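Report on the structure given below.
Protein chains: 2
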Amino acid sequence: MVRNPLALAVFAAVSSMQAIAAEPITPIRPAQEINLAQAELGKKLYFDPRLSRSGFISCNSCHNLSMGGTDNLKTSIGHNWQKGPINAPTVLNSSLNVAQFWDGRAADLKEQAGGPIANPGEMAFTHTLAVSLLESMPGYVNEFKLVYGEDGIDIDKVTDAIAEFEKTLVTPNSPFDQWLLGDKDALTVDELAGYKLFKDSGCTACHNGSAAGGNTFQKMGIVEPYKSTSPAEGRSAVTGKDADRFNFKVPTLRNVEMTYPYFHDGEAETLTEAVDIMGRLQLGKKFSDQENAQIVAFLKTLTGDQPNFALPILPPSTDKTPQPHPFD
Amino acid sequence: MVRNPLALAVFAAVSSMQAIAAEPITPIRPAQEINLAQAELGKKLYFDPRLSRSGFISCNSCHNLSMGGTDNLKTSIGHNWQKGPINAPTVLNSSLNVAQFWDGRAADLKEQAGGPIANPGEMAFTHTLAVSLLESMPGYVNEFKLVYGEDGIDIDKVTDAIAEFEKTLVTPNSPFDQWLLGDKDALTVDELAGYKLFKDSGCTACHNGSAAGGNTFQKMGIVEPYKSTSPAEGRSAVTGKDADRFNFKVPTLRNVEMTYPYFHDGEAETLTEAVDIMGRLQLGKKFSDQENAQIVAFLKTLTGDQPNFALPILPPSTDKTPQPHPFD
């Protein structure tokens, strides 16, 4: 028995670290090693709808930082009110993903950031037009120069800055993380029972790591096939391998209370529905109503500190700025 | 001659106040007498796209506080990408307006706030649905109760809170206001020459007061008729009087560098163009290129401190929250 107070404290700390290490989900760390100047510039770009053909759609339109980094729609609304093919994944904690997009077709945030700008169904712009637009505004020209230490704007810098901003969008300090870090009162009995069920049922086989997902691709519909009208085929669109059909990146469960609706097609409107479907299709397990409610209670403890920053003020256009084309 | 230092100071202060009083444009005052709790709630509502049928359009979509409180489009994009009939006026300093909308059909901000929510061409929702939606979220239910000191949400409280937030959106401290307040170095020679031209040419007949506009209705096209394809007829739509045809609320010139494009139809893309047209049609005066440039230089000194606040985080929907209908 350890009686020395210091030894006791060390023992407790080591036990606590072992407890963390033993859990399949680990705490989210606050943002580190951020180039703040790049991130501040990236924040402006993230909120700037002039990077779309219409002048109306920004990154924040579909990855709304007031709403869990999503649009809370089954599939997104793109240029000219086009219906998107897939549910917008949250940008929160996306720096922790193994790759970006549901099918992982972008290696990292920087590569991802260029996609929607040039996607005809989303922002419907081009990289060339985006750069010309930014070059027409002294506010941006000067900030790019200050941030990158050289003249000139190109799409590489644009996506680099957006990615740097997105790296700041981590959400530490959720009740579950507080529990992981040793505050045993941070979770209720039901929430803790939900976590135990979540682990014991095998959910953590895919939803693990600090993002509780995002780090592997898995088949949607392992035990039973998933029926969907969505045309998305997942990872096979990238690898060309038939074996990868319906393999999607496992979504993070961080802030999942805020990122409804669920799945790549957004067809599960509630967490209750999502947990039920996941249990049956992925694990061959039918959760009772009580079990489902406990797992949902646990999932809601994954909501962390949301991004906290001042709404950016964008540099005004000038007489040389190309006009938006919302209706033609 | 006054030799006593105190008397001198008093004399200087009185002179300075007389100078301010003598100018047709007066300084914007910072927000005062704000119910902060209401304003904070109103900020959430202002940013909440769930108050639209699609779940995609919020007040901030068309009155974007990153962009001078406008969308910088000729006419706005509404539900299902409908083309709006008129240019979105800035929400900045709108508390100083004599009435709201270009035709003044709403007496105040509170009455205005209900308009776009229920307009089929804009947010395409109904007040009843908006209230039901808010009532489904404990985050909102509790905040309304705390703010208003009683149970229940109704459209009256919703628009009241939005209006209170909008009252905070004043933009004091522009270079021109610094000049008005006595800093004679706040304007360049050209800017000051532009202001003198602006006054001497008669622009201040309509663009006066602390908002440099917004306080009267005036005919668009006094000396020469204004040609527009816009169906908007202005004040006559409210009064029913033929004499009020093409009478519009004089827009504020505060932050006008940020609120492009100009006029009720948004047809003037640049300040240069707007100044030229205003001179000819309203005053029968053709400004030289130099005069135009000086007036534009003056107008750009009307950009004040932009709203500075943290992006609000919205309460998540619940299983009871009505689903958005973006595509049906």
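Residue numbers (this note's numbering), protein chains in the order written: chain A, 3 to 330; chain B, 3 to 330. For glycine and all other residues, C-beta sits at the position ideal for the given N, C-alpha and C. Remember, predicted model here, so these are calculated numbers, not experimental data.
Residue-level contact by beta carbon holds for residue 79 of chain A and chain B, with a gap shorter than 7 Å.
Going by DSSP, residue 300 of chain A is part of the alpha helix (DSSP H) stretching over 291-301.
Residue 187 of chain A and residue 177 of chain A have their alpha carbons spaced roughly 9 Å apart.
Under the Cβ distance rule, residue 122 of chain B does not count among the residues neighbouring chain A, no pair being separated by less than 7 Å. Across the structure, residue 61 of chain A and residue 181 of chain B are spaced so that their CA atoms are roughly 39 Å apart. Within the segment 114-147 of chain B, the alpha helix (DSSP H) runs of at least 4 residues that lie entirely inside it are, in chain order, 129-137. By the CB criterion at 7 Å, residue 318 of chain A and residue 271 of chain B fall outside the cutoff. In the DSSP secondary-structure assignment, residue 264 of chain A is bridged to A/270.
Under the Cβ distance rule, residue 29 of chain B does not count among the residues neighbouring chain A, no pair being separated by less than 7 Å. Proximity of residue 254 of chain A to chain B, defined by a Cβ-Cβ separation below 7 Å, is not satisfied. Here residue 329 of chain A is exposed, its C-beta having fewer than 16 other C-beta atoms within 10 Å.
Contact annotation: the segment 259-269 of chain A touches the segment 89-109 of chain A, with at least three C-beta pairs closer than 8 Å. Look at residue 44 of chain B here: in three-state DSSP terms it is helix. With respect to chain A, the C-beta atom of residue 35 of chain B has no partner C-beta closer than 7 Å. The continuous beta strand (DSSP E) containing residue 220 of chain A extends over residues 219-221. It is roughly 32 Å from the alpha-carbon of residue 148 of chain A to the alpha-carbon of residue 81 of chain A. Assignment of residue 312 of chain A by DSSP, reduced to helix, strand and coil, places it in the strand class.
Neighbours of residue 67 of chain A in chain B, taken as residues whose beta carbon is under 7 Å from its own, are 313 in chain order. Secondary structure of residue 161 of chain A (DSSP, three-state): helix. For residue 166 of chain B, same chain residues with a beta-carbon under 6 Å away, outside a window of 5 residues either side, are 37, 40, 41, 44 in chain order.
Counting the other CB atoms within 10 Å of its CB gives residue 246 of chain A a total of 16 or more, which places it among the buried residues. Against chain B, a Cβ distance below 8 Å from residue 85 of chain A picks out 328, 329. Judged by DSSP secondary structure, residue 251 of chain B falls within the beta strand (DSSP E) whose first and last residues are 249-251. Looking from the CA of residue 47 of chain B, the closest CA among B/34, B/30, B/35, B/146 belongs to B/146. Residue 136 of chain A and residue 118 of chain A have their alpha carbons spaced roughly 17 Å apart.
The C-beta of residue 50 of chain B has 16 or more other C-beta atoms within 10 Å across all chains shown, which makes the residue buried.
Excluding residues up to 5 positions away in sequence, 61, 160, 161, 164, 165, 168 lie with their Cβ nearer than 8 Å to the Cβ of residue 115 of chain A in the same chain. Taking C-alpha positions only, residue 189 of chain A is separated from residue 189 of chain B by approximately 59 Å.
In this structure, residue 273 of chain A keeps its C-beta atom at 7 Å or more from the C-beta atom of residue 228 of chain A. Contact note: residue 271 of chain B reaches chain A through 325, using a C-beta cutoff of 7 Å and chain order. Annotated as distal: residue 311 of chain A and residue 79 of chain B, with beta-carbon spacing of 7 Å or more.
At a cut-off of 7 Å between beta-carbon atoms, residue 137 of chain A makes no contact with chain B.
For the segment 166-193 of chain A, the beta-carbon criterion of a distance under 7 Å to any beta-carbon of chain B is satisfied by none of its residues.
Between the alpha carbons of residue 140 of chain A and residue 183 of chain A lies a distance of about 47 Å. C-alpha of residue 87 of chain A to C-alpha of residue 234 of chain A: approximately 7 Å in a straight line.
Identification of chain A residues near residue 262 of chain B by a Cβ-Cβ cut-off of 7 Å yields 319, ordered along the chain.
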